[in-house]
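Residue numbering for the sequence shown is -23 to -1, 1 to 95, as defined by mature numbering (1 follows the signal peptide of the UniProt record, and there is no 0).
All C-beta atoms in this analysis are idealised placements derived from N, C-alpha and C, irrespective of residue type, glycine included.
Remember, it's a predicted structure, so these values are computed and weren't measured experimentally.
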Amino acid sequence: MKEVKKKISIFLMTLMLASTFSANVTKADVIESKNTFAYEEIMPYAAVCPRCGGRITSSTVWGSWISSGTVTCTHGHAWGTDLKQYRTGIKTTKCLNCNAGNTANVKETRTICHGYDN
Ligand SMILES: [Zn+2]
Ligand SMILES: [Zn+2]
């Protein structure tokens, strides 16, 4: 009888250890999935890959400038209106080590001054 009791307690201990172990595995999975988020929003010009720590390179292909309207000159001139323009582009980010990467739509604006004083 004593022998049986000992065996049961060992069995219970093994069960407890097993459940503790599986709980740890679940925690590790959650942490890992947090790290697989896209890095584009966090660091637009990131130099280090969050997956492997490798160097990241990025390049942007721009479209042509498009006029979007005019505004009264804001550069201190007495007369004239400035031309507002924008252009869109596609920025490609890629890890040099593991090739992980993605693309993002980007936009840039500029104002061309047409103000004058006389
Ligand atoms: Zn990488
Ligand atoms: Zn101006």
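For Gly66, the enclosing beta strand (DSSP E) has its first and last residue at 58 to 72. Going down the chain, each residue whose beta-carbon is closer than 5 Å to a heavy atom of ligand 2 shows up: Cys50, His52, Asp59, Cys90, Gly92. By the Cβ-count criterion, Ile89 is exposed, with fewer than 16 other Cβ atoms from all chains shown falling within 10 Å of its own Cβ. Arg87 has its Cβ no nearer than 8 Å to any heavy atom of ligand 1.
Three or more Cβ pairs closer than 8 Å define a contact, and the segment 26 to 35 falls short of that threshold against the segment 51 to 58. In the DSSP assignment, Arg87 falls within the beta strand (DSSP E) that extends over 78 to 89.
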